[in-house]
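Okay, so here's the structure we're looking at.
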Amino acid sequence: GGHYLPGEGPQTGLAIGRQIAHISYLSSAAFDQKFGRARVPGAQPKDSVYWQVESYLQHQGESFVKRFDANSWLRITRAVDRFDLTSRAAAGRLFRAGGPDVLAIGFSSDWLYPTSELRMVVAAATAAGVNAAYHEVITDAGHDGFLLPDTGLSVRLRAFLG
48 GGHYLPGEGP
58 QTGLAIGRQI
68 AHISYLSSAA
78 FDQKFGRARV
88 PGAQPKDSVY
98 WQVESYLQHQ
108 GESFVKRFDA
118 NSWLRITRAV
128 DRFDLTSRAA
138 AGRLFRAGGP
148 DVLAIGFSSD
158 WLYPTSELRM
168 VVAAATAAGV
178 NAAYHEVITD
188 AGHDGFLLPD
198 TGLSVRLRAF
208 LG
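Once you know that position 65 of the sequence shown is 112 in the numbering used here, the rest is easy, because the numbers rise by one and skip nothing.
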């Protein structure tokens with residue numbers, strides 16, 4: 048955990064950050080399908096949480112701070128943000144002929160790992176002489192598409208792993 052001044056620590060900021068990040072995990076269509084313009088039952092316009100989507104995001108933020116320390120999460124996200132697989136692939140330093148097979152599975156509405164970048168990685172692997180394949184799952188579920196049971200992901204992974 049982090050070393051914070053007395054009090055709660057940066058939990059509010061972490062919760063809000065998680066809420067903002069969570070918006071990118073689902074596509075606009077998925078949010079619309081899941082929540083539309085539904086209101087929280089009994090909520091009044093003066094209430095801080097009026098829409099179902101606000102309630103959902105608030106819950107995501109609150110549950111997240113129970114599982115993660117803010118400073119640890121900053122370090123993890125910084126490492127993920129600075130890791131650039133596509134630049135290594137483009138420079139030809141990522142793959143070597145005879146290396147392990149590569150399977151990249153993209154989700155059409157994923158904003159965090161765009162399908163264009165996955166295709167670039169597969170192209171770089173193929174150019175280096177690596178057996179590489181790409182499969183795209185068409186879904187409105189966004190980044191969370193890999194969590195859905197009916198995408199065919201497990202079938203593809205089983206076939207790839209043999």
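Note that CB positions come from ideal geometry on N, CA and C, so glycine has one too.
> Relative to the alpha-carbon of Ser75, which residue among Ala188, Phe193, Pro196 and Leu200 has its alpha-carbon at the smallest distance?
Replying inline: Residue nearest to Ser75 within the set Ala188, Phe193, Pro196 and Leu200 is Ala188 (criterion: CA-CA distance).
> So what does Arg86 bridge to, in DSSP terms?
Replying inline: Beta-bridge pairing by DSSP links Arg86 to Trp98.
> Hey, Val184 and Leu200 are a contact pair by Cβ (cut 8 Å); roughly how many whole angstroms apart?
Replying inline: The beta-carbon separation of Val184 and Leu200, rounded to 7 Å, stays under the 8 Å limit for a contact.
> Curious, which full-length beta strand (DSSP E) runs of at least 3 residues does the segment 102-160 contain?
Replying inline: When DSSP assignments are scanned along the segment 102-160, the uninterrupted stretches of beta strand (DSSP E) that are 3 or more residues long and fall wholly within it turn out to be 149-154.
> Under a Cβ-count criterion, where at least 16 other Cβ atoms within 10 Å of its own Cβ denotes burial, should Phe154 be classed as buried or exposed?
Replying inline: Counting C-beta atoms within 10 angstroms of its own C-beta, Phe154 has 16 or more neighbours from the protein chains shown and is therefore classed as buried.
>> Give me the residue from Pro161, Thr173 and Ala151 with the minimum Cα distance to Arg143.
In response: Answer by Cα proximity: Thr173.
>> Would Gly54 and Ala117 be called neighbours here (beta carbons separated by less than 8 Å)?
In response: Judged by their CB atoms, Gly54 and Ala117 are not nearer to each other than the 8 Å cut-off.
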